[in-house]
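Heads up, the thing below is written out as structure tokens.
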Amino acid sequence: PFEFNEEVVRVFDDMISRSVPGYRASIELAMVLAAEICQPNDHIYDLGCSLGAATFALLNQKALPQLQITGIDKSIPMLHGFQKIMQSQGHTAITDSLPLHYESINHQQHVLDLEEADLVTMALQSFKEKLR
């Protein structure tokens, strides 16, 4: 079975752009929505955060200071890649305050224990349709 391992992390940006039609456009649309509904200090969950494209887009929203963002992914190598990118882009001040969590959400009975959220972004294309 396909696995989001270190090799996939290395080629992910190119792979996602080619294999998920509209990926970048969906992130841009999510940012338009966030700008409309979110307020400073709102809590956002990025489910399936991968290397953090949606999170970085949210962090770069000048109109939304001090967002509380929690990234969740089922791949530890993806989360490590996310942290490396965050540090390389100068987000070191928020590295400790931006929680990244490993959660395996592969089956129907799994329930994430999440606090109240003002917005949730989800990348669920790797899940079977009945689990989305």
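No gaps in the numbering here: position 34 of the sequence shown is 283 in our numbering, and each next residue is one more. All C-beta atoms in this analysis are idealised placements derived from N, C-alpha and C, irrespective of residue type, glycine included. Everything numeric in this text was worked out from a predicted model, so none of it was measured.
Could you check the C-alpha separation between residue i and residue j for me, to the nearest Å?
{"i": "C298", "j": "D322", "result": "6 Å"}
{"i": "V260", "j": "S337", "result": "17 Å"}
{"i": "H292", "j": "V281", "result": "16 Å"}
{"i": "N309", "j": "I276", "result": "13 Å"}
{"i": "S324", "j": "F331", "result": "11 Å"}
{"i": "I223", "j": "Y272", "result": "Residue 223 is absent from the model: the chain starts at 250 and stops at 381."}
What is the residue span of the alpha helix (DSSP H) that residue i lies within?
{"i": "G330", "result": "I325 to S337"}
{"i": "D439", "result": "Because the chain in this structure spans residues 250 to 381, residue 439 falls outside the shown range and cannot be described."}
{"i": "F305", "result": "A302 to L308"}
{"i": "L277", "result": "The residue asked about is misnamed: residue 277 is Glu in this sequence, not Leu. Where E277 is concerned, the enclosing alpha helix (DSSP H) stretches over Y272 to I286."}
For residue i, I'd like the list of residues in its chain whose CB is within less than 7 Å of its CB, leaving aside the five on either flank, ordered along the chain.
{"i": "E252", "result": "none"}
{"i": "M327", "result": "F253, V258, S299 and L300"}
{"i": "M371", "result": "L296 and G297"}
Over the uninterrupted beta strand (DSSP E) stretch that includes residue i, give me the two end residues.
{"i": "L296", "result": "H292 to L296"}
{"i": "L368", "result": "L368 to M371"}
{"i": "Q317", "result": "Q317 to D322"}
Below 8 Å CB to CB, which residues in the same chain sit around residue i once its five sequence neighbours on both sides are set aside?
{"i": "A283", "result": "I293, L307, Q310, L313 and L368"}
Is residue j closer than 7 Å to residue i when the C-beta atoms are compared?
{"i": "I318", "j": "T304", "result": "yes"}
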